[in-house]
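So the structure is just underneath, and the comments pick up after that.
Residue numbers (UniProt numbering): 1 to 519.
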């Protein structure tokens with residue numbers, strides 16, 4: 001026999017008489033099955049699943065005569081025997097002994113398990129475990145590890161163990177991608193014209209859900225009928241066969257839609273924006289909380305509250321901090337009508353603008369007129385070469401706001417939030433998100449590349465809408481038409497001066513050296 005779901009098995013002989021083993025490698029399993037059917041046709045006619053029953057043996061010499069390679073092993077007390085996926089094995093004890101065995105499923109087993117569940121579907125054989133639950137569980141754990149490694153610099157052993165199985169060539173990434181592609185094909189060809197519903201998170205938490213025809217596991221998707229028993233379901237392939245009701249009464253349950261599964265695949269392959277989106281939407285993780293904690297630690301005060309030395313200000317009132325050249329501008333100075341549409345994106349932190357001794361004080365309204373980028377937060381200046389360059393200083397926690405073409409409807413504009421987060425690699429991570437859809441993010445180690453991805457996304461949407469005959473669309477945005485530094489606000493003298501003013505000790509040496517050389 002082979003192990004259930006073609007898993008590995010480990011057998012340990014504690015004491016007693018030796019154990020004799022005969023084995024066939026997994027790559028020769030099909031040869032063995034063909035030889036068994038050839039020499040035992042009557043038994044297979046009576047019992048098609050004969051090889052699953054542990055009731056039949058065939059002489060190794062007969063198998064060898066059919067070109068099936070056979071291996072023999074004698075196991076003594078204190079020794080382990082390991083069988084690999086889909087390796088047929090048989091044996092007997094040479095006397096009284098005591099042994100124990102266990103099945104194991106490391107990540108490299110996943111492709112073999114995928115093959116097994118598809119064979120079981122064809123044979124209408126019940127499964128012992130939910131392969132999709134194991135696969136998705138491993139993928140979710142791996143994305144959480146990727147999130148902590150790439151964004152929080154938590155290189156703990158529990159995180160690093162996932163690193164080798166992720167990436168575009170990783171076993172886990174490939175296994176999930178193959179499963180998602182199979183799911184996509186079935187949904188495209190079998191689920192059109194029927195009602196689709198979100199699967200309850202606890203759909204199979206208490207009881208296993210399996211197809212009533214082929215016993216395929218239904219953790220990822222299922223088909224049901226409004227007219228039949230509510231507890232009866234099928235896989236997508238048997239949606240039209242598991243009951244005699246009309247197709248109009250059928251419905252489909254999906255744990256994730258295809259776009260969500262696509263994000264999960266991209267996250268496993270290492271795409272930073274996908275890691276961020278999956279971690280936020282599915283795992284409930286949030287980089288903003290991490291950055292705010294760091295800011296609070298650096299300033300010694302709550303991240304979303306002004307320091308004690310700031311005076312309370314009324315509308316259009318500007319307060320100075322001692323004798324410094326920093327001006328505090330309250331968010332109350334901004335026009336509130338537009339902001340009320342997206343209250344979740346407001347910030348309670350004060351906006352800080354540089355103010356030299358001979359300059360006129362500026363409020364947020366005048367900033368919008370002059371540089372088109374609104375400053376939301378300055379953040380905290382960090383030491384280290386990656387936190388600056390000759391062009392600008394990049395404070396951790398910096399946030400700005402700018403209007404540009406909407407990626408969902410390029411005929412309109414919307415607001416984007418540009419942020420600087422901790423990349424976990426000793427330098428900044430640049431992120432652009434839609435203000436009215438914070439889950440839609442573009443992340444890169446370069447501010448220019450962030451906005452280049454926005455441009456590419458807008459061009460893709462323009463192309464798709466032109467194919468549908470839509471009008472009133474803007475022209476394609478050519479490469480280089482978006483300056484990422486400018487869109488973040490680093491071309492604004494007001495923002496640049498403000499950032500300079502908070503780096504009083506000139507910890508960003510490369511930037512200040514370039515400024516001194518220019519002077």
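Where is the CB? At the ideal position from N, CA and C, for every residue including glycine.
Nothing here was measured: the structure is a model prediction, and the numbers come from that model.
Listed as beta-bridge partners of residue 8 by DSSP are 104. Here the region 458 to 467 lies against the region 410 to 422, with 3 or more beta-carbon pairs under 8 Å apart. When beta bridges are read from the DSSP output, residue 72 appears opposite 22. Residue range 437 to 444 is occupied by the beta strand (DSSP E) that includes residue 443. Cβ atoms of residue 40 and residue 97 stay farther apart than 8 Å, at about 30 Å. Separation of residue 471 and residue 405 (C-alpha to C-alpha, rounded to the nearest whole angstrom) is 15 Å. Here the C-alpha atom of residue 156 lies approximately 52 Å from the C-alpha atom of residue 44.
If you check the CB distance, residue 215 and residue 126 come in under 7 Å. In the DSSP assignment, residue 450 falls within the alpha helix (DSSP H) that extends over 447 to 467.
Nearest Cα to residue 20 within the set 75, 52 and 70: 75.
For residue 401, the secondary structure class from DSSP, reduced to helix, strand or coil, is strand.
Residue 415 sits close to residue 401, with the two beta carbons spaced by under 7 Å. The C-alpha of residue 116 is placed about 23 Å away from the C-alpha of residue 58. About 19 Å separates the beta carbons of residue 396 and residue 279, which is beyond the 8 Å limit, so they are not a contact pair. If you draw a straight line from the Cα of residue 17 to the Cα of residue 11, it comes to about 15 Å. Residue 137 is not a Cβ neighbour of residue 5, given a cutoff of 7 Å. Going by DSSP, residue 216 is part of no alpha helix (DSSP H) at all; its letter is neither H nor E.
In the DSSP assignment, residue 143 falls within the unbroken alpha helix (DSSP H) covering 131 to 152.
By the CB criterion at 7 Å, residue 217 and residue 210 fall inside the cutoff. Within a 10 Å sphere around the beta-carbon of residue 3 sit 16 or more other beta-carbons, which makes this residue buried. Sequence-distant partners of residue 94 (beyond 5 residues in either direction) whose C-beta falls short of 8 Å from its own C-beta, in its chain, are 17, 18, 19 and 20. The three-state reading of DSSP puts residue 396 in strand, counting E and B together. Residue pairing from DSSP places residue 16 in a beta bridge opposite 97.
A distance of 7 Å or more separates the beta carbons of residue 380 and residue 503. By the CB criterion at 7 Å, residue 68 and residue 28 fall inside the cutoff. Per DSSP, residue 30 is one residue of the alpha helix (DSSP H) stretching across 29 to 39. Taking 8 Å as the upper bound for CB-CB distance, residue 268 and residue 173 are in contact here, some 4 Å apart.
Using a Cβ distance threshold of 7 Å, residue 417 and residue 435 count as a contacting pair. Assigned with DSSP and collapsed to three states, residue 250 falls in strand. Looking from the CA of residue 202, the closest CA among 220, 475 and 100 belongs to 220. In the three-state DSSP reduction, residue 422 falls in the strand class (E or B). Here residue 393 has 381, 387, 499, 500, 503, 508 and 511 as same chain residues with Cβ atoms under 8 Å from its own Cβ, once five neighbours each way along the sequence are excluded. Taken atom to atom, the span from the alpha-carbon of residue 9 to that of residue 135 is near 19 Å. Note: residue 243 is not bridge-paired with any residue in the DSSP secondary-structure output.
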